[in-house]
Amino acid sequence: MLSRDMLTKFILFGCLGILGEVANTAFKRAISERNFEFVGEASLLIFPFYGLIAFIFPAIAHQLGDYTWWQRGGVYMLAFYLAQFFIGLGLSRLNMCPWHYDRFALNGLVSISSAPIWFTAGLLVEWVYPWVKALSEL
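Residue numbering for the sequence shown follows the numbering used here, starting at 3 and increasing by one per position.
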């Protein structure tokens with residue numbers, strides 16, 4: 003059974019992930035369509051996958067203690083890519099995958115154009131994790 007603080011971290015990272023998706027799609031739309039209403043979208047289906055950061059991140063971060071920031075960012079980026087690919091593969095087999103990339107993509111599941119986003123997201127998780135941990139212990 004999940005402890006209350008782990009459940010809280012799971013929910014907070016799920017919410018942060020959805021918020022990040024909405025912000026990312028809003029900015030992409032603003033740039034590509036010149037639509038400055040900043041309307042974004044996300045699928046609630048991916049909420050639990052972002053929530054899993056609460057369990058997976060500490061194990062990865064612990065192993066990266068002596069790495070430089072850019073090395074850690076690269077490892078986090080690779081972890082996000084692997085997670086996105088395998089989660090997308092599973093969801094595609096159920097005809098439920100909410101994303102499909104056309105350009106610079108592997109099976110439509112991951113795109114090289116997302117590299118800066120995943121690199122930055124990993125470092126942001128590193129920065130946010132202590133706050134999420136503190137909130138979960140209240």
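Ideal placement from N, C-alpha and C gives every residue a C-beta, glycine not left out. Bear in mind the structure is a predicted one, so any value in this text is a computation, not a measurement.
For the alpha helix (DSSP H) assignment, the uninterrupted runs of no fewer than 4 residues enclosed by the segment 51–81 are, from N- to C-terminal side, 55–65. Closest in C-alpha terms to Phe51, from the list Asp7, Phe12, Phe40, comes Phe12.
Between the C-alpha atoms of Asn37 and Arg31 there is a straight-line separation of about 6 Å. Bridge pairing for Ser113: Ala107 [DSSP]. Taking all protein chains shown into account, Gln86 has 16 or more neighbouring C-beta atoms within 10 Å of its C-beta and is therefore buried.
Taking 8 Å as the cut-off, the beta carbon of Ile119 is found closer than this to the beta carbon of Asn26. For Gly22, the secondary structure class from DSSP, reduced to helix, strand or coil, is helix.
Under the three-state reduction of DSSP, Arg31 is assigned to helix.
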